[in-house]
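So that you can map any letter, position 45 of the sequence shown is 1210 in our numbering, and since no number is skipped, the others follow by simple counting.
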Amino acid sequence: MSEERNQTDDPLLAAELNAWLRGDRSRRAALRELLVAGGYAVTFGALAG
């Protein structure tokens, strides 16, 4: 089980996976909120012309 957590070569993905395994959801939640806000900004920008 000790070798399971570093199966990926992508350090950012590994960091996210390790954070998720530790239960540190705050960064993931912040990223999701940022993406949602960005999606709304793009949508309203397109509607506004």
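Backbone N, C-alpha and C fix where the C-beta goes; we use that ideal spot for every residue, glycine too.
- Distance from the CA atom of residue 1209 to the CA atom of residue 1194, rounded to whole angstroms, is 23 Å.
- Residue 1192 and residue 1184 do touch by the CB rule: their CB atoms are close to 6 Å apart, below 8 Å.
- Here the alpha carbons of residue 1174 and residue 1214 stand approximately 42 Å from one another.
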